[in-house]
Each structure stands twice: as structure tokens, then as C-alpha cells.
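See structure below.
2 protein chains.
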Amino acid sequence: MTGTFRGRLLTPSSVAVVGASNDSSRTAGRPIAFLKRHGFRGEIWPVNRNRSTVQDLPAYPSLSSLPGRPDHAFVVLDTEPALAALNELVSLGVPCVTMLADGFSETGPAGLAREHKLRALLAGTKTRVVGPNSLGVINCRTGMALTANAAFAKAPLLPGNVSVISQSGSTIGTFVSRGRARGMGFANLVSVGNEVDLSVGEIGLEILEDPKISTILLFLESIKNAATLEAFAQRAFSLGKTLLAYKLGRSEIGAQLASSHTGAMMSSDRAVDALFRDLGIRRVSVFEALFEATPLFEAKLQPSQSTNRKVAVVCTTGGGGALVADQLGLRGIEIAGPTAGVRSRLAEIGVRLGAGPLIDLTLAGTRPDVMRVAIDAILAEETYAAVVAAIGSSAETYPELAVKPIAEAHASRSETAKPLAVFTVPHAYEALSLLAASGIAGFRTPEACADAIALRLAPIAPRFDLRRRLEQQASIPALASNVDSLSEAEALELFQAIGVPTVRRQLLALRDIERARDLVVDLRPPLVVKLVSADLPHKTEAGAVTLGVYDPSDISRVVAAMLRSARQYRPDARIDQVLIQEQVAPIQEAIIGFKREPAIGSLITLGVGGIFAEIYDDIVVRRAPVCVDEAREMIADVRGLRISAGYRGRPKGDLDALAAAVAAFSRLAALDGVLEAEINPVAIRPEGDGVVAVDGLARLALTHSQGI
Amino acid sequence: MTGTFRGRLLTPSSVAVVGASNDSSRTAGRPIAFLKRHGFRGEIWPVNRNRSTVQDLPAYPSLSSLPGRPDHAFVVLDTEPALAALNELVSLGVPCVTMLADGFSETGPAGLAREHKLRALLAGTKTRVVGPNSLGVINCRTGMALTANAAFAKAPLLPGNVSVISQSGSTIGTFVSRGRARGMGFANLVSVGNEVDLSVGEIGLEILEDPKISTILLFLESIKNAATLEAFAQRAFSLGKTLLAYKLGRSEIGAQLASSHTGAMMSSDRAVDALFRDLGIRRVSVFEALFEATPLFEAKLQPSQSTNRKVAVVCTTGGGGALVADQLGLRGIEIAGPTAGVRSRLAEIGVRLGAGPLIDLTLAGTRPDVMRVAIDAILAEETYAAVVAAIGSSAETYPELAVKPIAEAHASRSETAKPLAVFTVPHAYEALSLLAASGIAGFRTPEACADAIALRLAPIAPRFDLRRRLEQQASIPALASNVDSLSEAEALELFQAIGVPTVRRQLLALRDIERARDLVVDLRPPLVVKLVSADLPHKTEAGAVTLGVYDPSDISRVVAAMLRSARQYRPDARIDQVLIQEQVAPIQEAIIGFKREPAIGSLITLGVGGIFAEIYDDIVVRRAPVCVDEAREMIADVRGLRISAGYRGRPKGDLDALAAAVAAFSRLAALDGVLEAEINPVAIRPEGDGVVAVDGLARLALTHSQGI
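And the structure:
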């Protein structure tokens, strides 16, 4: 990011609106109207070639006639004129330009050409661009509503300490509208558009510089620039700030929509989760939770790495308490009932709790003194990691009385206090506003409340600079190949070279097969004999695999039979090698995969062998490389691998060795030439006996750099 | 239900409030205050032994001094006085009594004793009771707010055509509060309390008699009386009315809470789903969807049995459209893009749609004429099963203009039109109220919107009177046994007798084992030889099973070895029989289970064999019995059984035979003596070769009726 850009994005002292209309109801007229309505105090320079005033402000016929160089220009012209204006703005050295026009990469080849043109215009200049296809940039604290989003027609524009960066322009209006209804403001909101120049990550880095901002909300459709996103996340983590994201694309249709909308490559949702996990970005599942959750992540409540997931649910209505408890339970959160301490503290003021896991104050809970005692008592107990209060009709009928004890308890808590969330069971926007004013997380629905609490209690362990980690490790062999895929024998050689134990085997030239009895002396039967041929990808169907060969003298006979069968299957198959392996009797089989995913980078996957991984979608994905401990976490996350962990008294498999193999395999990330690779299967032997890669494949880039 | 009760629950002409307080802020004072506030026009008789007036109404010192027999009495006294009052009300022949007091079965043994006393009081009388532990009964049309729920302090009480029956008293207030905020009223609401007398089902049957009511919402914590619930659901189905339910207990903690709260037995969530499925009760997953969804189920839009699950998403904001489309996708709904017809109709008015599956009108969609054309065009297309409109900031800024075209299109549609839902992206309660007034389903969140649409498009196929179905089938053998469980040999005999194919086998007395070679002549090797003993439940661990016996002459030797091993494992094991079976080589194994679940009845379960069913929780549950077609649906719902369906070119298993076996096994429901039974495993042979039960068990009731 250039120095000149800094500060101009969000706190410009002068803004130009290029193509501003006098009609405030038109899209091109809105920015001037909104800047005036929300009291922006900087210079506002409408540029309109046909008028001397725009909405009662002096207007300028051209960029060259402006009274100075604007800090930030918002170009609201159509596509082609917008490009022309940008050219001029670049010449003038304007540091920051936001472009509304669409018609770029999201519209096909012609748009893509325009995008290249735009990039060429900017190359080597000091001008940085938000968009195109951006609905604008808003700083709520200064009233700088430099946006065409109709939601900003309404006042007031509430200021706050939360920022929003959105790939959907309309969604920033949704946040402002829904937030305003319950007294929640924002520091600033940026619609990033197509990110042709400034990416989510670069804009995020700029926003992080504001010390008042502790939480940044991301509304994402696709991952366009993982590198700047990582730099942003790394800086946020070092500053102790929270990134919360809602990412479209949980479903296949959603992923399609999101990518078509922005013209980006589609990433699998699992790959996105792997990226967020490494970047410490917390992903909400329920849309409204994205902003409702923010007070739970205040700076003074830095996430602990504790594994305590026990939550107290205190309520004035058993029904409301049960609603949120059920949702918490679905997300793996344990509800901890009243401790003896909480019970006795409440008994002192005459409140006797019933049995069961809710701290149900019933009607007594509508008395502020009772609720205050209850919350103080809960906050004092180490048992609980967090507390949720479900407030019934008093939240609507007597919002001040209902909120007061909670706000007081919240205000009095120490730096290390527990997260506190309130679920308002009835329609209770006044109570929600009072909660927001007190910095307390209030939730309208049990689903959003549970989503936010689960997210708050999930420890994060970001991993940055994976590339550097690879470089710091011992180097791995360079890969020299002029083919686009490796045979299984070559793939096993590669995997062995990077530290994956592979099955004991021997490769024989077909011409030597008559001497197999003499040549195969180090392998322990039973043996597996396979024909090696790039022309026989489906060996079993081709009859090119024989299991259970106990005597090496049988090899030549077995190979002859397989050759007949394979040539019947595919007469022109070129076969000149035979692979002979020791047959392995594993506890269980697993599949380890490696691939490079557009926009996200190297990924390592792990699943059980056979078809269950696919049928049950039981596959774990992480960014590569992973260390052995991280591989162990992956193993724990594959449900089907519980079998090898000694499920119900079964013999255990060597999961330590599997973790080591996964970690070793993930170092393929260092070999740029490898696009995709798979060990299928890796045999998990009994505890202490290790694992071995039995079969594998690798797809290569035809031209690639060698090693690292 | 007695005749005298009918009509008195919801439309009494006189109500007595027994124990009414003069202080309207106290619980016991609320019902009188609320009846007055909401303009109840019937007689209101406060009963208070200490006052001549209560809240300015003439009060009566005792029940015997009342000016007449009240149609409905609400007893707001504490537990013991409430029982005394009930005794008097019964003597007076009062047809309907609602009881507020708690302290019954939910509080342990003493409460349970009180519950028995209450039942005894009612036995043989004409008085029917709602509760105890009921917060009251409300008829919004007549202002009969006979309730102590604080939410009814607020006016107005909006009337509507939707009824609510709730096991949580506070939740009726939640519905009224949330509904009021968006112009949604209710016909009536009943807090059923502990259902000691009147159950959800009986109250439902009463409500169904109102022809104006087309939808009944159920907020359920537990299933207490499945029989009356079934009668209610059956009547609702025959009248073409919709039952929508939110049932707590998706999570284990939620299920616990729900049962402890009402003192009911806990049912597994799968069993509840099986019950709802048979009863045609639609279960929502997102709380707010319970009332937001109601307009989708109007009488004139009876659910089709079509399998079309394609939905059109039309929007003024791509972000909002994508939000709801992603959620629909997660629920298996297909988003169908604009048809040529929709495209050309919109092109005629100058709106060109982009690529992709959304019908994104962008800003043009904020013009009412454009939205009207779009919705009319969509409704005219057979492609779509339903339409969702996502409305951006115009829903907040210009609610009338935003809603008008949708309301007009809705009003003009024919009887057979498609379901239409609106997701308001910003905060837009005015638009939601306008939608409600037009009878259109409006949603605040993408999650609730998608939940409701998925529910609306899921065909229902209720099955009532399962017991009758059993009786109509050919009788099955009576079961005579004086033990509490059957040996595997006996269990297989039972399963065979009810029509399940079982493995070919022979039972030998241990004393005959030396003659096995001569006795075992009809079984085809390889054979499996097992020691039969109730003392060896874990046969494999005891070394009491031998596979792969090829020669019957080996049997005696094999048995001798197993006896040594078994006696070492358990010296006192009684062993006097040996079971010899043909060894089966299946395509796949499955487990079929049968059990009787408290409150819900007989259940049949199906899963894959081995441990994957458990690890992946891949088990399908239905109420028993099922017919062969229903069993086929179960098979289709077990993910792991895709293997036998020829997954990725694998050989197919005989799933027709499996369906027949499941159906046959489910007829255990006719044998009251069988509490629980399992075939584990049933071997699925290649297509055409059938299935065989290989092993099994059955747990019996020690005293039981014989057969049916």
C-alpha cells in the first residue's frame, strides 16, 4: 500500500463525486445527498459537465477545474466514461478512487479486457482504486457517506467501533439498517466491489490502524486474494483484534452464485474453512449473528485458549431458556446447571432453583435485584466459560428494568470476566438497544445466540506464513519430470523421498520377469503383483493386479496371465514394467490427498479408505504444510478413523505414524511442480508397526520450477 | 371429549377467576386485568374470599355464591387450595377448568401423588381440566385473555386465523409479542401445562372445529399422549388443515430439559421425527419460521405431492438473493434460473437479466411495475414449484411500493398457484406488516425463509392407524415364553416365523456333537459353528465362534476346542447346544432393529452393519409396521446402503429382499410381548439372491399378552 493512500480511503478531507447528478433520487445523485444528510464536514466537490451547482453545492465542469486535488474521488459514471475519468484522476495524482461502474470481469471477455485496461492505467502510479462495482465507502463517525446505497437515505447514521468490509454492496445497507433499529452503529463500511486493485486484505490493513476498532466484520462471497487477506489477518491477530466473517457458499448453489457474482474462481467450502482456520477468522453460520456477536469479542475479553465449553443459561422463562440451550447443545456446548455457590447465593434472597440444567429464576427473575445476584454469582464461578441470559416478556414490557441488572453486572466485571449474551425471547428492540448501548451482546433468535457463543468459545490457533515454514525445514528433493503424471511406482518413490513410509516393493522390467524368482529375494510373501502401465489406469478392471502370491517362482506365471487379460481389455496398452509389493494386512486404510486450490493454495486432505469417506463426506481439509501435531488434530477430526483409535475395544492402529506420514506428505507444498497427489490407500498397521503408502498418484505441472 | 366441554374451552359465555387478586400487577391479578383490557364481553366473575370487588368488578366470596355455573374457570390459587377449588368446581359441574398451579409431576414423588389425586377427582365427572401448570387460554377474537402471561398486558391483541397450542406457557406470549410487531394475529392460544387431563391432541381436536382456522402451531417439549395427538392429526389431515411444530430436543441437552420440565419420558429425536412424519406434522427447524411460515400453508394452497423442488429467487439485491439461495441449497432445494419466458417478458419492459441462477432485477426491481411483471411471469411458469422474493433497501425505505406488486400478484393468483415467500433483507417491519395483511409469508432471516420453503415443498404422506393395519394383515404366530430374552437360535426361529428369511442352520445338542458328521447333512459348507449359551453374550471374545468349517467331520473337533476356550473365559457357563450355520458371503451387511419407545410406540430401525452405522449415526427410524414400499424408502434414506444400490459400478445387493425383510420384521409390533429385537447382521446377497438374517436377539416382557 502506498503511503499517499493511507488515511485517504476513510478520512479524506476532500471528496469529489465524478458524474454527480442534481437529482438526489437517482443513483448518481445519492452520494452528494447522503454526504450532506449525514453532515460530512470535509470539502464536497461535485463534478458535472452540465451544471454549475449540484444539489445546491458549487459544481465543477471537469476534474481539471477542481479547486484542489481531492483525497478521495467517487466515480459514479458509466463504465467507459468512468475509465476515462480514472485516467484523468491518475494523472492528477488523486490517491484514492472508488468506482461504482460495473461491466468488468463479472460480465465476460469484454469486461475482462476493461479490467486489464484499468490495471494498466494504475500500474506504477500512486492512485489506488476501490472497485469497480463498488457501492461506496462510508465513515459513520465523520458522516462521510460516499455511497450510492439507498439504505443511507435514512438518518441517523450511528457511529460505532465495528467495521464492515463487504463483497456485496447492498449488504452494507443491510447492516446499517438492521443495526440502526437496535442502536448498533458502525465505524465504517466498505463495499470492495471487484477488488481489481484494493483487496479485502489491503482495505482491512488500513482499517486496523484505527485503535478504536476492535472487530471487523467480513461479508464474503469468494476468496480473491488470499495473500493480502493473510497479511490483514496476521496484523489483526497481533493487535488482538477480531475478524468475524459470513461467507456465502455453504451450499453448492451458494458457492456458484458467489463466484459468478464476482467473477472469481470457486473455492470449495472446506478449503475456505481451512483458510479461515489458519487465519484466525471466525466464521458465523447464522447471518444475523455476524453483527449481533460483536460485543462478545471486545478487546478486554480476549479469547482464552481454555477448553472449557460449559455455559450457564439463566432465564426468567423456562421455554426461552430451553430454546437457546437446545441450540447450544446442537453446537456441542455443554449447559452447566447451578453450582452449589449459585444455589446458595440465590437461596439467601429467597429464590430456590429447581432441578435441571437451567438456572430458571422464573417470575422472580423479573426483579432486577434477583437477576443481578444471579448474574454476579454466575460470573464468580470458575465452572462456567460464559453465560447466556434468556429474558422473557419483561424484556418487552419493562426493558429498562430487564436490562439494568445485566448491564450493571457487565460494567462491574473485571478484565478477565466471562462472555455474556442475552437472548430476548419476545419482540424487544428497546431492550436490544439498551443492551447495545451497554456493550452487551443481544440476540433476537436462539440460533444466532448459540452460533455466536459457540464461536466465542472455540479456541483459535492461527498459522501464518506456511511458505516460510517450508523453507525453514530441511530441503526436499527437487522434482525433475517432463510428464504430466507419475506412474504409481514413480509416485511411491517421490512420497518416500519426502519422508512417507512406502510399501516394500521391487520394480522389474517385463523382460526380466522370467528371472523373478532370482531377483525378488528381499520381499516377504504374500506378494501383490501389478502390471505398470500409464494405459491401464483401472488396473483391477483390466485384470492387471494379483494378490496373495506366496511363492516368487509363481510371479512369471501370474504376470503371463495378467498380460493376456490386460491385452484383451486394452490391446494397445504399453506394458514394460511389473511392480511387486509386499501385501499388507492393515487395521484400517486411509486416503491422504494433496492439491493446489485456486486462490487458496496448497491443501492436505485426510479421510478413511474405501468408499465411506465419500459416502459420508468424512474428509478433513487443512492448508499445507501441517506439522505432526496438526496432523494429529486432523486424524481426530476424521470420524471414521475412530476405528483405529481403538473404538469399542478394537485393536489400535498406529495413528502416530499416520500423523507423521500426513505431515511428511503435506510438504509436497514445497514442490511447485506437484499440482495434485494422493496416497490411496495408506495402510494403518497395528500400534507400533507404522503405516505404509501402498499406492499413489501425482499430477504434475508440465513446466515447473524445481523444488524450492 | 364430553359434549359439555365443547365450546367452553375457547368460547365461554362466562368465566370465573378463582383466587383473583385486586392487584393487577400480581400474577393472580392479571387475568381479570387482561380480560378487561382486551374487551371480553362475556361474564367475568372474580372469586376472592376477602373482597367484594376485584379491579372494580363485583367479586364473589366463594364458588357457591357465584350467580351461575361458569363455562370456564381459571384457578389461580396455589397448589393445595387449587385442588380444593377443583373439587368444588367438579361438584358444581363446571365443564372446563384451567389450572395455573405448579407442584405436580414435574416436582417429584409428592407432586406425582397430587397428580393422581387430581385424576381421581375428575374420574367419571363432566369437568375437563387444562393444566395444571397452564398459563392460560386466550381467544384473541373475543378478547378472552384468560391468562397470567405478562405479555398480554400489552394491547392490541390482534385476531388471526392461526391457533397456537404450547407446552411452554411463556412461549404463547412470545408468539403474541413477535406477531404483534409485524401485524400477525392469532385466533387463539392455549398453554396446555402438564396435560394431566386435556392433552395437546384433545385441545387440537376442539380447535379444528373452527372452520376459519387453517393452521395450528404446536410448540412441543415432549410427546405425552401420542394417541390423542394422532387422532388430532388425522382429523386435521382430513380437513386439509396444516400442523406446524417446533419441537425442543434436537440436542441431547434440549431433550433432557424438555422432559424434565414437563415430567414426561424422554423420546429420542429420531422417534419424534418418525411420529411427526406419520402424523403429517411438519417440523420447523428455525424457531421464528414456526409463525413466519404460516401463510405458505393456507387452505387454497394445499401441498401438492409433486416432487418438483425448483424455486425461483427474484431479487432487487444480488447479495440478499444469494443469502437466501445459499440457505435453500443447504436444504436440498434447487434454484432454477430465469426461463426463456421470464427473460423475454422482462426484456419487453427493458430489463435484461444477467447470467446465473438468480432472477436479479437489481435497481430496476424497486419499480413496482418491474417487480409485478417478474412475479407474474414466474408464477406463470411450470418450471418453478415456488418463488422467493428478496427485497433490499426499498423494503425499508418505500415499504408500500415494495410490497404492492407482490401483494397484487398474490391476490390475482389462482387456486393452484405457487407458494410465494418474501425475505426482507433490511430491517423492514412495516413491509412485513403489509405482507402479513396481504396474507403473504414474510421472513426476517434467510434461515427461516429457507426452512419454511423446504418444509412447504416436502411432500407429506401421513400414515394413521398402524395398529389397525397390523390387525388387517394375516395373523402372526403367538409368542409363548417365560424368559426375558431369546437365545439367538430362538430369535432366528421367531424372525423366520414372521417372514424374515433366516440363514440355513441346524441346532445340535452338545451330547450329539460326536455324531455331527452324520447329522449335519443339509448344510452347504463353509459352515459357522457357535456355542449356544445365555452365559456367553460376547461369543467372539469367549472363543465360541468358528468360521470357515469346510468339512462336517471337523465339527466335533472344532466344538471341543471352543469349549476349552469358553470354559477358560467363563468356567461356569452353561452350554448345551451348538448352532451350525451356512457361512454367507454378502455384498454388504445391515442391521434391522425393533423397539417400543415410551409415549411413541413401536419403531423399526435400519442401518448398515458393522460399526459405521454408529460412527456416522447413519440409522433410519420409522414407526412400525412399515409396508415394503415404506421399507424401500427407509433403504433409500440410509446413506451407507448406497453401496448395495450399485454405488460407482459395484455389484448390486438384493435391496428388494431387504425391503421385504424390513417390512416383515416390523410386524413384531403385533407381538406385544416383544420389547426389543435386532437382526445383526442381515446379510445382503447379490441381486436376486435374497437376504438372510444371520444372527439376532429379542428382549421380551415377562408377562405379556400372546400375539394379537
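Protein chains in written order, with my numbering: chain H, 1 to 708; chain Y, 709 to 1416. C-beta atoms are modelled at their ideal positions from N, C-alpha and C, and glycine is treated no differently. Predicted model, so just to flag it, every value in this text is computed and none were measured.
Straight-line CA distance for residue i to residue j?
i, j, result
"residue 819/Y", "residue 319/H", "21 Å"
"residue 401/H", "residue 419/H", "21 Å"
"residue 338/H", "residue 357/H", "7 Å"
"residue 360/H", "residue 313/H", "8 Å"
"residue 803/Y", "residue 832/Y", "13 Å"
"residue 130/H", "residue 1164/Y", "42 Å"
"residue 1114/Y", "residue 1133/Y", "15 Å"
"residue 561/H", "residue 689/H", "34 Å"
"residue 294/H", "residue 116/H", "38 Å"
"residue 382/H", "residue 307/H", "13 Å"
"residue 147/H", "residue 881/Y", "41 Å"
"residue 1125/Y", "residue 806/Y", "42 Å"
"residue 1238/Y", "residue 1282/Y", "14 Å"
"residue 1157/Y", "residue 84/H", "44 Å"
"residue 902/Y", "residue 842/Y", "7 Å"
"residue 604/H", "residue 653/H", "21 Å"
"residue 731/Y", "residue 745/Y", "14 Å"
"residue 317/H", "residue 676/H", "55 Å"
Give the range of the alpha helix (DSSP H) segment to which residue i is assigned.
i, result
"residue 884/Y", "877-888"
"residue 275/H", "269-279"
"residue 848/Y", "Run containing residue 848/Y: none; DSSP gives neither H nor E here."
"residue 1222/Y", "It is not in any alpha helix (DSSP H) - residue 1222/Y carries neither H nor E in the DSSP assignment."
"residue 1252/Y", "Looking at the DSSP string, residue 1252/Y is not in any alpha helix (DSSP H), and its letter there is neither H nor E."
"residue 915/Y", "908-916"
Write down the C-beta distance between residue i and residue j rounded to the nearest angstrom, noting that I regard them as a contact closer than 8 Å.
i, j, result
"residue 1092/Y", "residue 889/Y", "In fact, because the Cβ distance is near 31 Å, the residues do not count as touching under 8 Å."
"residue 226/H", "residue 601/H", "6 Å"
"residue 144/H", "residue 40/H", "5 Å"
"residue 71/H", "residue 132/H", "Not a contact, Cβ separation roughly 19 Å."
"residue 1401/Y", "residue 1333/Y", "That pair is no contact at about 17 Å."
"residue 45/H", "residue 75/H", "Not really, about 13 Å apart at Cβ, beyond 8 Å."
"residue 396/H", "residue 1160/Y", "No, residue 396/H and residue 1160/Y are not in contact; Cβ-Cβ is about 24 Å, not under 8 Å."
"residue 61/H", "residue 49/H", "5 Å"
"residue 1083/Y", "residue 1129/Y", "Going by Cβ atoms, the distance from residue 1083/Y to residue 1129/Y rounds to 12 Å, so no, they are not a contact pair."
"residue 876/Y", "residue 896/Y", "The pair is not a contact, with the Cβ atoms about 16 Å apart (cut-off 8 Å)."
Taking the beta strand (DSSP E) that residue i falls in, what are its first and last residues?
i, result
"residue 867/Y", "867-874"
"residue 246/H", "242-247"
"residue 116/H", "No beta strand (DSSP E) contains residue 116/H, which is instead part of the alpha helix (DSSP H) from 109-122."
"residue 531/H", "527-532"
Check whether the Cβ of residue i sits closer than 7 Å to any heavy atom of the ligand ADP, and report yes or no.
i, result
"residue 801/Y", "Because no ligand of any kind appears in the structure shown, any question about the ligand ADP cannot be addressed here."
4 or more residues per run - each alpha helix (DSSP H) lying fully within the segment 353-409 of chain H: 368-379, 394-397
Between the segment 395-429 of chain H and chain Y, which residues of the former have CB atoms less than 7 Å from a CB of the latter, in chain order?
-> Legend: CB atoms of the segment 395-429 of chain H lying less than 7 Å from CB atoms of chain Y belong to residues 396, 397, 425, 426, 427.
Contact residues within the segment 1310-1325 of chain Y, judged by C-beta distance below 8 Å to chain H = 1319, 1320, 1323, 1324
Between the segment 1034-1056 of chain Y and chain H, which residues of the former have a C-beta closer than 7 Å to a C-beta of the latter?
Correct list: 1034, 1037, 1038, 1043.
Continuous alpha helix (DSSP H) assignments of at least 4 residues falling wholly in the segment 1316-1396 of chain Y: 1320-1323, 1336-1345, 1363-1374
Could I get the ranges of all uninterrupted alpha helix (DSSP H) runs contained in the segment 768-807 of chain Y, with 4 residues as the minimum, in chain order? 787-800
With 7 Å as the limit, tell me which residues of the segment 444-462 of chain H have their beta carbon closer than that to any beta carbon of chain Y; keep them in chain order.
Taking 7 Å as the Cβ-Cβ cut-off against chain Y, the residues of the segment 444-462 of chain H that qualify are 445, 446, 447.
* **Contact list for the segment 735-765 of chain Y against chain H, Cβ threshold 9 Å** => 735
Please identify, using Cβ separations under 8 Å, the residues of the segment 854-870 of chain Y that lie next to chain H, in order along the chain.
The residues in question are 857, 858, 859, 861, 862.
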